[in-house]
Amino acid sequence: MGIVQGVTEFLPISSSGHLVILQNLFGMTEPQVFLDVMLHVGTLSAVFVVFRRDIAELARAGFQMIRTRTPGAASSERMLLAIIVGSVPTALIGFLFADQFERLFSSMLSAGIGLILTGFLLKATQRQTQENMVRAMDGASGITVRQAGLIGTIQGLAIIPGISRSGSTIAVALLLGVPRETAARFSFLLSIPAILGALLLEGKDVFSAAGSGIGNMPAILAGTVIASGVGIVSLVLLLRIVRRGRLSMFAYYCWLLGALAIIGGILKG
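Quick look at the structure:
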């Protein structure tokens, strides 16, 4: 599961969808809250490793904005502002609808439908106009407040199993005309407050689940470390794929796995 989390958290094929399918295959009838959170901690550490320079720049930009009490024109300050704006709809959706979406995490059918939808979204990026494709080669352009809000909304909806967070946010950013390099960077930097927020939101459940999972702690820690290592490799790979404009090729995998999950869900009843 650590390997699956590390690969699927960053490749646009939905880590939640894969974990739901895998847990069903392993006979895990109850949500593995502590295990899922620890696996996400592992992949979150991969983001910190790969984007350590960007994160340092954002930290400096934050201190600068606090000191001047106004956002500046520097690219790092504009990126930080976009992340703040994008995090608002994500937080609202997670806070208001987390319980409703959590019920879907035991359903292979729901995960399959989510994967099918992710496939269509990824395929849509192939239809970018030539103008957008040329503009996407320029990684210097920023993200507007409107674009950040829309991408943050999509990230919030990605709590649904089968909807890839990385795939949906990068795809929507590309369809909005955001340059490839900026779209990928923004997607993963935007994931940091989202994952940290989810950890805080599930804090009570995490601690209670941790207490019952002490006996499995060595295995859980092993999965976390594996998720981190595999996540670094997957993240670097996806960045290269996005730069080459090949994001849509993952649509076929999502459709295939989604169809198999739907069939499995129907047969399971």
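For what it's worth, the working numbering labels the leading residue of the sequence shown as 105, then goes sequentially.
Each residue gets a CB set at the ideal place from its N, CA and C atoms; glycine is no exception.
The region 134–175 contains no complete beta strand (DSSP E) run of 3 or more residues.
With a cut-off of 8 Å on Cβ pairs, the region 215–230 is in contact with the region 263–273, counting three or more such pairs. Under the 10 Å beta carbon count, ALA323 is surrounded by fewer than 16 other beta carbons and is classified as exposed. Residues of the same chain with a CB within less than 7 Å of the CB of GLY218, apart from the 5 flanking positions on each side, are SER118, GLY121, ILE264, PRO265, GLY266, ILE267 in chain order. In the structure shown, MET105 falls within a coil segment according to DSSP collapsed to helix, strand and coil. Pairing LEU278 with GLY369, the inter-Cα distance amounts to about 32 Å.
Per DSSP, LEU115 lies in no alpha helix (DSSP H) and is assigned neither H nor E. In the DSSP assignment, ASN128 falls within the unbroken alpha helix (DSSP H) covering 119–129.
Counting along the chain, the unbroken alpha helix (DSSP H) around VAL346 starts and ends at 321–347.
Short of 6 Å from the beta carbon of ARG347, and not among the five residues preceding or following it, lie these beta carbons of its own chain, in chain order: ARG284. Here GLY246 is near MET183, since their CB atoms are less than 8 Å apart. Inter-residue distance for ILE296 and ALA202 is about 18 Å (C-alpha atoms, whole angstroms).
Around the beta carbon of THR194, 16 or more other beta carbons sit within 10 angstroms, so the residue counts as buried.
Rounded to whole angstroms, the Cβ separation of LEU339 and ALA275 is 17 Å, and the two are not in contact under 8 Å. Take the alpha-carbon of LEU371 and the one of LEU300: they are about 36 Å apart. Nearest in C-alpha terms to TRP359, of all of ALA288, ALA215, LEU126, ILE107, is ALA215.
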